[in-house]
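Data first, discussion second: the structure below is written as structure tokens.
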Amino acid sequence: MPHAAESIMNIAKDASCFAPLDIQMGVSLEDAHKSLDCSGPEGRELYRTIEKREDVFYPIIAGLLFSFTLYSLSFFCYKKQKLSLSLALVPFIITLADLTENYFVINLIDQFPSLNPETVKAMSSVNKVKWVFLFMTLGFVAYFSVVSLIRIFNKRNRQ
1 MPHAAESIMN IAKDASCFAP LDIQMGVSLE DAHKSLDCSG PEGRELYRTI
51 EKREDVFYPI IAGLLFSFTL YSLSFFCYKK QKLSLSLALV PFIITLADLT
101 ENYFVINLID QFPSLNPETV KAMSSVNKVK WVFLFMTLGF VAYFSVVSLI
151 RIFNKRNRQ
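When we follow this note's numbering, the leftmost residue of the sequence shown carries the number 1, and every step to the right adds one.
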């Protein structure tokens, strides 16, 4: 979404204070209001369009790729299908959280300038879930990648 953020910043009322809500962690009511205000009416409309159309495909594709990667790496390391399948479900939590977050961001854009604090709180909570599970997934990928490399090198040294 870097190009999308740049597009919004190009037409924002005040690009220096615009920060997409979905890349911030722990957004407060003040943060949400400031960011949406800085984006200006055209920026908010573009942000809404991006969240509704383009930011739907990224979480789905990323979730599928992370699931496949986690499954493949963990199965290569431990040959346990149940463990591998369980780990492959973790990225889908990220996908669901990201899509839910998009829904809340669209609602906030529609509510602007009278943002509902409960909507901001819900969006912020889902955002935190997304980031926690994303970092956990990246940690699993890093761990299984290292274990896989060690196994490959040990296998080659034995031959």
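All residues carry an ideal CB built from backbone N, CA and C; glycine is no exception.
What are the boundary residues of the alpha helix (DSSP H) that residue i is part of?
i, result
"MET136", "117-158"
"GLU51", "Run containing GLU51: none; DSSP gives neither H nor E here."
Is residue j closer than 9 Å to residue i when the C-beta atoms are compared?
i, j, result
"PHE76", "SER148", "yes"
"LEU21", "SER35", "yes"
"MET9", "ASN127", "no"
"PHE92", "GLY63", "yes"
"GLN111", "THR100", "no"
"SER7", "ILE50", "yes"
"THR137", "PHE68", "no"
"PRO113", "ASP37", "yes"
"LEU134", "MET123", "no"
"ALA19", "GLY40", "no"
"LEU115", "ALA32", "yes"
Where does residue i fall in DSSP's three states?
i, result
"MET1", "For MET1, the predicted model reports a pLDDT of 49, less than 50, meaning its position is unreliable; a value from the coordinates is still stated below. MET1 falls in the coil class under three-state DSSP."
"SER16", "helix"
"MET25", "coil"
"SER114", "coil"
How many whole angstroms separate the CB atoms of residue i and residue j, which I take to be in contact at a CB cut-off of 8 Å?
i, j, result
"ALA88", "TYR71", "4 Å"
"ALA42", "ALA4", "Here residue 42 turns out to be Glu, not Ala, going by the sequence shown. Incorrect: roughly 14 Å between the Cβ atoms, too far for contact."
"LEU85", "PHE144", "14 Å between Cβ atoms; not a contact."
"LYS52", "ASP98", "Actually they are not in contact, since the Cβ atoms of LYS52 and ASP98 sit about 13 Å apart, beyond 8 Å."
Inset, instruction - Taking only runs that begin and end inside the region 42-109, name each unbroken alpha helix (DSSP H) of 4 or more residues, in chain order. - result: The region 42-109 contains these whole alpha helix (DSSP H) runs: 55-78.
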